[in-house]
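If you use UniProt numbering, the sequence shown corresponds to residues 1 to 475, in order.
One structure is given below, encoded as structure tokens.
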Amino acid sequence: MHFLSKATSHCLRAPLTVLRASRQRAWRHYWTIAASTHEQLGAALDDCAAQLTNAASQNAKQARRPDCLMLWAAASLSTLGADLITVPELVRTRINPRHLVGCVVNQVVASPVTCFQGSASAPTPQLAMLAWTAPPGSDAGVVPFVIDETTTARHKLKTNAVGRWQPLDAYQVRQQNPPDSANRTPGDWSQFRSVSEATNPVVLPDTLQALAQQPRDASKPFFVLFSDNEPYQLLERLNQQFPAHAKCGLIGASTPFVTGLPFTLFSDRAVLSSGVVGVALTNAGLGSTNVCHPLLEPVGPWMKILRCQGNVIVQLEGLHPSRLEKQLREQTMAYDDKETRLYAQVADQIGPPDESQTPMEAANVYRVTSGDPAKGTLSLDTVQVLQPGQWVRLCYTSLAKPTIAQATSSVLSITSRTSLVFGTTSPTMAPESSAMGASNQPTRCVGGRSDNGFIHGTRATDCLVPSSVCSVSLP
Numbered sequence: 001m002h003f004l005s006k007a008t009s010h011c012l013r014a015p016l017t018v019l020r021a022s023r024q025r026a027w028r029h030y031w032t033i034a035a036s037t038h039e040q041l042g043a044a045l046d047d048c049a050a051q052l053t054n055a056a057s058q059n060a061k062q063a064r065r066p067d068c069l070m071l072w073a074a075a076s077l078s079t080l081g082a083d084l085i086t087v088p089e090l091v092r093t094r095i096n097p098r099h100l101v102g103c104v105v106n107q108v109v110a111s112p113v114t115c116f117q118g119s120a121s122a123p124t125p126q127l128a129m130l131a132w133t134a135p136p137g138s139d140a141g142v143v144p145f146v147i148d149e150t151t152t153a154r155h156k157l158k159t160n161a162v163g164r165w166q167p168l169d170a171y172q173v174r175q176q177n178p179p180d181s182a183n184r185t186p187g188d189w190s191q192f193r194s195v196s197e198a199t200n201p202v203v204l205p206d207t208l209q210a211l212a213q214q215p216r217d218a219s220k221p222f223f224v225l226f227s228d229n230e231p232y233q234l235l236e237r238l239n240q241q242f243p244a245h246a247k248c249g250l251i252g253a254s255t256p257f258v259t260g261l262p263f264t265l266f267s268d269r270a271v272l273s274s275g276v277v278g279v280a281l282t283n284a285g286l287g288s289t290n291v292c293h294p295l296l297e298p299v300g301p302w303m304k305i306l307r308c309q310g311n312v313i314v315q316l317e318g319l320h321p322s323r324l325e326k327q328l329r330e331q332t333m334a335y336d337d338k339e340t341r342l343y344a345q346v347a348d349q350i351g352p353p354d355e356s357q358t359p360m361e362a363a364n365v366y367r368v369t370s371g372d373p374a375k376g377t378l379s380l381d382t383v384q385v386l387q388p389g390q391w392v393r394l395c396y397t398s399l400a401k402p403t404i405a406q407a408t409s410s411v412l413s414i415t416s417r418t419s420l421v422f423g424t425t426s427p428t429m430a431p432e433s434s435a436m437g438a439s440n441q442p443t444r445c446v447g448g449r450s451d452n453g454f455i456h457g458t459r460a461t462d463c464l465v466p467s468s469v470c471s472v473s474l475p
């Protein structure tokens, strides 16, 4: 099956005179979605290849091979996990895109599902693809990039417990050169350092360095990434080089018992067990990103950070310990303690947030890993360095909130009818819910969900909140 944007479908039916006029105003981008519920890799690839071929046959200008193919393969796709290692070669022989990026995910997202082959009772997609073909003669393009462990050195920022423990070599240096305790004053945090502060920034690949030299307004890059669990140094560098351009993507599923690799990432003809693969789509006409956290419920008011270091909040202004503790007990007693998790919503701006302009979706959300909220001391699961003056608000997971399918449908309904989706899984969600949308559901989407979270934002960061989702509207 295939989906073209509403504007594209209209142009295909328009008279020749209208087509010539529209070509002068804007380029028409060709996005094609293909998905399959086959549980065998070869059959699923054949199904998707047939859908792409059928879509291309309906438009002569789209008949050439895709410039970029994004692929999501479910970890449960084949009982023989080693088959997933052959995905790049099988894709090359069947589809032969110019560039391939993707990864193995916990759940594939695709809608509507009734168009897919497979069991009608439980049409769970196992493989999904999004093919993009640049309009002939346009300045749109694809800039692929790979951050490989063998070629690019990265610090493992989350391998260590962020904010609480330091690498072993740091302790050895401190033992040899202990701090001068005689000159330290109470409350002096100058000796405290977060392990999230890397000493050597990652070097961008040559393709991205060349892109950084181009005028940003002319190229308008949109970044799509597939990563292992350490994308943070690359995100920091991308945020520095491209601060006004969106980045989104997925942290791949852990696959040691599926393929024998920690992660399974696809890049052209290669399979990577670690690193980051992705593409920068220039002048592709991609729309805005939207993030939805359907399972989070706010607790208490916004509070200002007075003191912090790294990812650790030391003191909050506006904190009422007894009131906050009472709210936490009253609002979370309805759920089992094992199912309740605390999170902190962190606003980017320095200053009191406006509730109407800073909803749950407009701020970054991190899990509270330790500390006492009633005393204002919190350690957040993030490598971002917090700043005094930022505002935070506590949240908790609510199991009574909508499912991921309902949340994704609602967030997609305000963006476009064709969307790219990245999300996190939930321990309370049935696998069948990954087949989003009923037979009469107009929303069309493609993507994947991972236990390890997704990436989003212009100041890109990761999101590990269960059942959260990020959507990107396609033109």
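Yeah, the Cβ is synthetic: ideal placement off N, Cα and C, and Gly gets one too.
On a predicted model such as this, the values are computed, not experimentally measured, just so you know.
Sequence-distant residues of the same chain with beta carbon closer than 7 Å to residue i, five excluded per side
i, result
"residue 390", "305, 346, 347 and 350"
"residue 239", "459 and 460"
"residue 249", "224, 225, 226, 227, 278, 422, 454 and 455"
"residue 10", "In this prediction, residue 10 has a pLDDT of 32, which is less than 50 and means its spatial position is unreliable; what the coordinates show is noted afterwards. Once the five neighbours on either side are set aside, residue 10 has no close Cβ partner at all."
"residue 106", "75, 253, 425, 449, 450 and 451"
Helix, strand or coil at residue i according to DSSP, with G and I counted as helix
i, result
"residue 96", "coil"
"residue 230", "coil"
"residue 87", "helix"
"residue 325", "helix"
"residue 452", "coil"
"residue 373", "helix"
"residue 236", "helix"
"residue 81", "helix"
"residue 384", "coil"
Bounding residues of the alpha helix (DSSP H) (the contiguous stretch that carries residue i)
i, result
"residue 46", "41–57"
"residue 208", "206–212"
Other residues of its chain near residue i: CB distance less than 6 Å, five sequence neighbours each side excluded
i, result
"residue 148", "275"
"residue 397", "295 and 341"
"residue 146", "267 and 277"
"residue 131", "32, 52, 66 and 69"
"residue 452", "229 and 251"
"residue 128", "35, 72, 108, 110 and 446"
"residue 381", "366, 367 and 369"
"residue 96", "65"
Cβ-Cβ distance between residue i and residue j below 9 Å
i, j, result
"residue 325", "residue 374", "yes"
"residue 125", "residue 104", "no"
"residue 268", "residue 388", "no"
"residue 84", "residue 77", "yes"
"residue 221", "residue 211", "yes"
"residue 92", "residue 66", "no"
"residue 263", "residue 253", "yes"
"residue 233", "residue 202", "yes"
"residue 246", "residue 288", "yes"
"residue 64", "residue 56", "yes"
"residue 328", "residue 303", "no"
"residue 307", "residue 315", "yes"
"residue 457", "residue 393", "no"
Neighbourhood of residue i by C-beta distance below 8 Å, restricted to the same chain and skipping five residues each side
i, result
"residue 82", "259 and 260"
"residue 365", "293, 296, 343, 344, 345, 346, 395, 463, 465 and 468"
"residue 43", "36"
"residue 90", "41, 42 and 45"
Start-to-end residues for the beta strand (DSSP E) that takes in residue i
i, result
"residue 220", "Careful: residue 220 lies outside any beta strand (DSSP E) and carries neither H nor E."
"residue 297", "296–309"
"residue 422", "418–424"
"residue 124", "It is not in any beta strand (DSSP E) - residue 124 carries neither H nor E in the DSSP assignment."
"residue 156", "Element bounds for residue 156: n/a, residue is neither H nor E."
"residue 317", "312–317"
"residue 462", "461–463"
"residue 249", "247–251"
"residue 290", "289–292"
"residue 278", "276–282"
"residue 141", "141–147"
"residue 267", "265–267"
"residue 110", "107–111"
"residue 254", "Looking at the DSSP string, residue 254 is not in any beta strand (DSSP E), and its letter there is neither H nor E."
Residue-chain proximity (residue i, chain B), Cβ-Cβ < 9 Å
i, result
"residue 353", "Although the question refers to chain B, the structure presented lacks it and comprises just one protein chain."
Sufficient close CB pairs (3 or more, under 8 Å) joining the stretch 288–303 to the stretch 448–467: yes
Given 8 Å, three or more beta-carbon pairs between the stretch 280–289 and the stretch 376–384: no
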